[in-house]
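Each number in my numbering corresponds to the 1-based position in the sequence shown with 4 added. Shown next, in C-alpha cells, is the structure this report addresses.
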Amino acid sequence: MTSSLHRLYSFRRCPYAMRARLGLVFAELQVALREITLKNKPSQMLEISPKGTVPVLQLTDGSVIEESREIMEWALKQRDPQGLLDTENMHQANALIEQNDNEFKHWLDRYKYADRHTEMTQSEYRQRGEVFLQKLETLLSEHPYLLGEKITIADIGIVPFVRQFAHVDREVFYDLPYPNLQHWLQHWLKHPIFLQVMTKYEPWKEEDELVVFPT
Ligand SMILES: N[C@@H](CCC(=O)N[C@@H](CS)C(=O)NCC(=O)O)C(=O)O
5 MTSSLHRLYS
15 FRRCPYAMRA
25 RLGLVFAELQ
35 VALREITLKN
45 KPSQMLEISP
55 KGTVPVLQLT
65 DGSVIEESRE
75 IMEWALKQRD
85 PQGLLDTENM
95 HQANALIEQN
105 DNEFKHWLDR
115 YKYADRHTEM
125 TQSEYRQRGE
135 VFLQKLETLL
145 SEHPYLLGEK
155 ITIADIGIVP
165 FVRQFAHVDR
175 EVFYDLPYPN
185 LQHWLQHWLK
195 HPIFLQVMTK
205 YEPWKEEDEL
215 VVFPT
C-alpha cells in the first residue's frame with residue numbers, strides 16, 4: 005500500500021531519532037511512524053538504508069534521508085513556523101551541533117557505558133563531556149536558548165544528548181555548577197513538543213495500520 009505521508013523509522017530513546025522527531029514536530033509535518041527496536045530492525049528499513057541506524061526518513065518520492073541532522077534541516081526547510089532556522093548565527097548553530105556529534109557524544113557514550121571502556125574512570129569521562137556542557141552553560145547564562153531569545157535548530161539538535169548525559173546519573177548532573185543548563189534542560193523536559201516527541205509507540209509490524217506522528 006502506498007502512503008501519501010513520508011515514512012520515518014525511529015526509536016524512541018535514541019537522541020538522534022529524537023532530534024529528527026523534534027524537527028518534524030516543529031515543522032508541523034506529519035509522517036507515517038515506524039517505531040523499531042535496534043535488536044530487530046525491519047528488513048524494509050535495511051533495504052533503503054543498509055547502514056542500519058535510526059532515524060531514517062523515506063520521502064514519498066522514494067528518496068531517503070538517513071542522517072538525523074539532515075532530517076531536521078529538511079523538515080525545517082519545508083516549513084518553519086517558529087523560525088528555528090531564522091538565526092543570524094547559523095554558523096554557530098552548525099558548529100555547536102558538530103561539536104555535539106563529534107566530541108560530546110564520544111564522551112557521553114563512554115560516561116554512560118564506563119564499564120565497557122576501562123581506560124578511564126566514569127568521572128573522568130564525565131569531566132571530558134563537561135567541557136561541552138560548560139560551553140552551553142556560558143551561552144545559556146546570556147539568554148534562555150542556546151543562540152538567543154528564541155529556540156533554534158541548535159537547541160533541538162542538542163537537547164536530546166544533554167538529556168541522555170543528565171540521565172546517566174541525575175543526582176550527579178543536578179549537583180554540577182551549571183544552573184542555566186539545568187534550567188534549560190528542565191524547561192525542555194516539560195515542553196509540550198518534547199513530551200509529544202517522547203510518546204511511546206509499539207514496534208511496527210508489517211500488518212499494522214498506519215501510525216501517524218504526531219497525532
Ligand atoms: N549519524 C547518525 C547516527 C544515528 C545512530 O547512531 N543511531 C543509533 C541509535 S541512537 C543507531 O541506530 N545505532 C544502530 C545500532 O545500535 O544498531 C545520525 O545522525 O542519524
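Heads up, the beta-carbon is just placed ideally off N, CA and C, and yes, glycines get one too.
For Ser-72, the CB falls within less than 7 Å of some heavy atom of ligand 1.
Nearest Cα to Thr-41 within the set Leu-28, Val-35, Gln-34, Ala-21: Ala-21. Annotation: Glu-146 is outside any beta strand (DSSP E) and is labelled neither H nor E by DSSP. Look at the region 53–115 and you find these whole runs of beta strand (DSSP E), each 3 residues long or longer: 60–62. Residue environment for Asn-104: buried (at least 16 other C-beta atoms within 10 angstroms of its C-beta). In the structure shown, the three-state DSSP call for His-171 is helix.
The criterion of a C-beta distance shorter than 8 Å is satisfied by Leu-9 and Val-216.
Annotated three-state conformation of Ser-127 is helix, per DSSP. For the 8 Å CB-CB criterion, Arg-23 and Gly-161 form a contact.
According to DSSP, residue pairing for Arg-11 in a beta bridge involves Ala-36, Gln-62.
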